[in-house]
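Only one structure is covered here, and it is reproduced in the block below.
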Amino acid sequence: MPQARANAIERLVARFTRNGYVRVPQEARKGEGHKKYKKGWEVRLVFASEAELEEAQRSLRATGMRYGQSFLKGKQWIQPIYGKKAVEAFGAWVEGRREADS
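Take the sequence shown: its letter number 18 is residue 22 in this note's numbering, and every next letter is one higher.
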């Protein structure tokens with residue numbers, strides 16, 4: 005893996021483990037219909053400033069991962085990353101860091 009991509013992944017994992025979270029669909033609720041239950045696969049990265057958000061977006065581009073529209077929630081910036089593949093990739097990155105730290 006090229007060093008720039010590895011560094012970008014390391015920065016993203018550090019941000020994610022600080023205060024990011026993952027949402028996965030609840031199979032039991034899918035029958036409620038799209039208008040009532042719209043939850044899909046999503047990773048959310050949370051940032052204290054716009055500068056942190058922009059750094060994360062650069063890191064995401066370096067990894068080749070596509071991301072959604074960022075938004076302000078309270079006083080924090082949220083960067084969503086949608087899709088099952090994104091959730092699985094983040095999971096693998098976080099697990100790889102845990103293994104490296106052991």
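The C-beta atom is built at its ideal place from N, Cα and C for all residues, glycine as well.
Cβ pair residue i, residue j closer than 7 Å
i   : j   : result
L49 : R19 : yes
Separation of residue j from residue i, as counted between CA atoms
i    : j   : result
N11  : W81 : 22 Å
E46  : R70 : 12 Å
A91  : Q83 : This sequence places Val at residue 91; Ala is not what is there. Approximately 13 Å between the Cα atoms of the pair.
G100 : A93 : 10 Å
I85  : W97 : 14 Å
Y25  : E58 : 19 Å
A55  : V28 : 28 Å
G95  : Q30 : 18 Å
S74  : V17 : 18 Å
G78  : G72 : 18 Å
Option in the options with minimal Cα separation from residue i
i   : options            : result
K88 : E14, P6, G44, E56  : G44
Q7  : A66, W97, L76, A96 : A66
G68 : A60, F75, S74      : A60
R22 : S74, F51, L57, Q73 : F51
Presumed contact (8 Å Cβ cut-off) between residue i and residue j, rounded CB distance
i   : j   : result
S53 : R15 : Contact doesn't hold; Cβ gap of about 15 Å is too wide.
Residue-level contact to chain C via CB, residue i, 7 Å cutoff
i   : result
I82 : Of the protein chains in this structure there is only one, and it is not chain C.
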